[in-house]
Amino acid sequence: MRVLALLAFAAAFGLLVGAAPEVDGAPPSEDLSHGRVLSDDGPSGDGGSVITVSPAAVDIEDDRPSVHRQTLELSNTGSKPLTARLALRFDTAKRRQLADQQTPMIVHFGDDPAKTRGTRSGRRAQEEPEKNASVSKPTNVTCSHVGRLLLRPRRGPGEGAAVGESRRLAQDRSRRLARRLESEVEGLNITGWQHLEFLGIDIAELNCSFDPDDILNRVRNGFAADLEFVELDSKSYFPIQDSSTMASSSIPDALWQSQWGMRRVGLPEAWQDLEARSDPAETVIVAVLDTGVTMNHEDLVGRIWTNPNEVPNNGIDDDGNGLVDDVHGYDFVDNDPDPSDSDGHGTHCAGVIAANQNSIGISGAAGANTNIKIMPLRFLTGTGGYTSDAILSLNYAVAMGATISSNSWGGTTRSEALEAAVRSAQDVGHLFIAAAGNSASNNDFQAEYPCNYDDVLCVAATESAEALAPYSNRGVQSVNIAAPGSDIKSCYLGASSYSTLSGTSMATPLVAGSVALVWSWLGNRLVTSLQDLRSLMLESADRLSWTNGWVESGMLN
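Using the UniProt record's numbering, read the sequence shown as starting at 1 and increasing by one per residue.
This is how it looks when you write it as C-alpha cells:
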C-alpha cells in the first residue's frame with residue numbers, strides 16, 4: 001500500500017507537505033491537491049509499505065516574517081524498507097511556489113541515512129526498516145542570493161533547444177535534475193526551485209546552513225555530464241553612470257533646447273518623416289532592467305506598460321504567470337509587484353526612451369509615438385544587482401511580450417547562465433541592448449558583461465564636443481555603436497523632477513528608444529527581425545574620424 005498524506009499550513013505562510021515512498025526505477029507520486037489521500041496497491045504478495053504522518057494538520061497565522069518549526073513524525077508500519085520524499089509548496093502573499101517548483105526533501109526508512117545518502121533516490125534500503133523517522137524544518141527558510149545555483153540541464157540527443165521545446169519536456173527534465181541533485185549530493189538541501197520556461201534555465205535555492213562554494217564544486221564534479229553549466233549567484237552587475245555627475249534638483253519645464261543628444265542623432269527629422277507615413281505605428285514594449293521607474297512622473301504618464309491580463313490589487317495571479325498583481329512589471333529585488341524607483345537611474349533611462357512630447361519637461365526618443373511602452377523591471381539597487389535577478393527580469397520581459405530591453409548596467413564577471421539567458425531571448429526575436437561601461441577601457445581586451453556577449457547591441461557614449469566621452473569604454477570588436485551619453489537631461493525621482501547625468505547608461509536608452517521608434521513605424525515592412533534592424537542601424541551609423549578605431553560602426557544616426 002502507498003499513502004500520500006498532506007498537511008496544510010494556512011494564512012500568511014501556506015504550506016503543503018506531501019510524503020510518498022519511492023519505488024525502484026520510478027520517482028514518487030507528486031499530487032499536492034489539498035486534503036487528498038492517495039493510495040495504490042504494491043505488487044501482489046510483497047507485503048507492501050505504509051506511511052502514516054502525525055500530526056495530520058497544522059495551521060499557522062503570522063503577519064510578520066518569522067521562522068516556524070514543525071516536527072512531522074512519519075511511521076512505516078509495513079514490512080518493506082522505503083525512501084520517502086517530502087514536497088513543500090509555499091503560498092505567500094507575494095509569491096506562489098507551485099507544484100512544478102516543489103521543495104523536495106529525502107527521508108529514509110530502513111537504513112542509516114548517512115549510509116544511504118548518495119545513492120539514487122529510487123533505490124531501496126536493504127536492511128530491516130526502522131518504524132519511525134522525524135523531520136524538523138522551518139516553514140519559511142530564506143537564504144541570501146549566495147545560496148542560489150543557476151544551472152541548465154544538458155539536453156539529450158534529438159531534444160530541441162531550450163526555447164521552443166515543449167513545456168512538459170523542459171519541466172520534466174528540470175524535475176528529474178532536482179531529484180537527482182537532492183538525493184546524490186551529500187549535504188544538499190534545496191529549499192526552492194524555479195524553472196524559467198522561456199529561457200530554459202533553473203534557479204535552485206539552497207539551505208543557508210551549507211557552504212555554497214562547497215556545494216557548487218560537488219555539483220560541478222558530480223554532474224558535469226548532465227549540465228550545460230552551473231554557477232553560484234553573485235552581485236556582479238552595477239548601474240553604469242559616470243560618478244562625476246550627480247542628480248540636480250527640480251529643473252524648469254521646456255528643456256528641449258538642452259537635449260543636445262536628441263538633436264545630434266537627427267531625431268526631430270526622424271519624427272517628422274515617420275509621423276507623415278500613412279501606415280499606423282505598432283505597439284512596441286521596451287523592458288527597462290534597472291533600478292525601477294518613477295511611474296507617476298509627469299513626463300511618463302501613459303508610457304508605462306500595463307499587463308492586460310492582470311487585475312490590480314486583488315491579490316490574485318489573474319494571468320497565471322506565477323506573480324500576483326504584476327500590473328506594471330515587477331520588482332525582483334524585493335519580490336513584489338511594485339517596480340518603483342528609489343535610486344533615479346532607471347527613471348532617467350526610461351525618460352530617455354519614451355518621455356512624452358507634451359510641452360513639459362523633456363522628450364524621449366519615442367517622440368509623440370505613444371505606442372512605445374516602458375516595462376519597468378527592478379533588479380538593481382544603487383549598490384548593484386544579482387545575476388539571478390537579472391535572469392528573472394529578462395525571463396519576465398520575454399514572457400510578457402517585451403521585444404527590446406535596455407540594460408544600462410554591467411560588470412567584469414562572466415556568467416554562463418546570463419549569457420545563455422541572453423542567447424535564449426535572442427532566439428525568440430528579443431533585442432538586448434547594453435551599455436559598454438564607464439572605465440575608459442577597451443572591451444576587446446578587458447571584457448564587460450553583458451556587453452561582450454554575442455549579438456548584444458553594445459553602446460559607447462559620446463559628448464557634445466564631437467568626441468568619444470573620456471570615461472566611455474570602447475572596442476571595435478565588442479562595442480557596436482556610439483550615442484550621446486554626456487550631460488543628458490531626463491526624468492528623475494519625484495513626479496516633476498529632472499536631472500542631468502552622464503554615462504554609457506544614458507547612451508544605451510537613446511539607442512533603445514531609437515530602435516523602438518523605427519520598429520514601431522516600419523517593423524516588418526522594412527526588415528524581417530530586430531536582429532536585421534540591428535544590422536541596419538550599424539550600417540547607417542555615421543562613420544566619423546573620432547569614432548574610427550573605437551567602435552564597430554560609428555555614431556547613431
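Every residue, glycine too, gets a C-beta built ideally from N, C-alpha and C. Being a predicted model, the structure only gives us computed values, none of them experimental.
Rounded to a whole number of angstroms, what is the C-alpha to C-alpha distance between residue i and residue j?
i           : j    : result
D454        : A276 : 36 Å
V378        : P339 : Looking at the sequence provided, one finds Arg at residue 378 rather than Val. Approximately 5 Å, taken between the alpha carbons.
T508        : N313 : 33 Å
S359        : Y237 : 36 Å
residue 614 : N76  : In this structure the chain extends from 1 to 557, so residue 614 is not present and cannot be described.
E416        : Q446 : 17 Å
W256        : S497 : 15 Å
V185        : D389 : 25 Å
W519        : V284 : 7 Å
V324        : L392 : 15 Å
S441        : L149 : 31 Å
S258        : G361 : 10 Å
E419        : P450 : 7 Å
L217        : S540 : The sequence shown places Asn at residue 217, not Leu. So the alpha carbons of these two residues sit roughly 48 Å apart.
W409        : N296 : 24 Å
T547        : N480 : 11 Å
M537        : E552 : 12 Å
Y471        : A178 : 45 Å
S545        : S464 : 15 Å
S234        : I215 : 15 Å
G320        : D336 : 16 Å
A516        : G222 : 45 Å
Which residues does DSSP pair with residue i in a beta bridge?
i    : result
T381 : G384
C458 : A434
I201 : L196
T403 : T403 is not bridged to any residue.
T500 : K489
N442 : R474
I372 : V284
By the 10 Å Cβ neighbour count, where 16 or more other Cβ atoms means buried, how is residue i classified, buried or exposed?
i    : result
V311 : exposed
R176 : exposed
L169 : exposed
L526 : exposed
E466 : exposed
S66  : Low per-residue confidence applies at S66: pLDDT is 43, beneath 50, and the placement is therefore not dependable enough to give any value.
D299 : buried
G475 : buried
G554 : buried
E205 : buried
V301 : exposed
R423 : buried
R543 : exposed
I203 : buried
N189 : buried
D273 : exposed
I316 : exposed
S505 : buried
Taking Cβ positions, are residue i and residue j nearer each other than 8 Å?
i           : j    : result
G513        : A365 : yes
V219        : L181 : yes
T403        : L530 : yes
W271        : P484 : no
A421        : L199 : yes
A482        : T500 : no
A281        : N207 : no
P239        : T294 : no
residue 559 : L289 : It is not possible to answer for residue 559, since the shown part of the chain is limited to 1 through 557.
V352        : L556 : no
Which of the three DSSP states, helix, strand or coil, is assigned to residue i?
i           : result
M555        : strand
D233        : coil
V293        : coil
W271        : helix
N395        : helix
A512        : helix
G410        : strand
C349        : helix
P312        : coil
V185        : coil
L216        : helix
residue 634 : What the structure shows of the chain is the stretch from 1 to 557, and residue 634 is not part of that stretch, so it cannot be assessed.
E228        : strand
D172        : helix
E463        : strand
L323        : strand
D336        : strand
G149        : The residue asked about is misnamed: residue 149 is Leu in this sequence, not Gly. L149 falls in the strand class under three-state DSSP.
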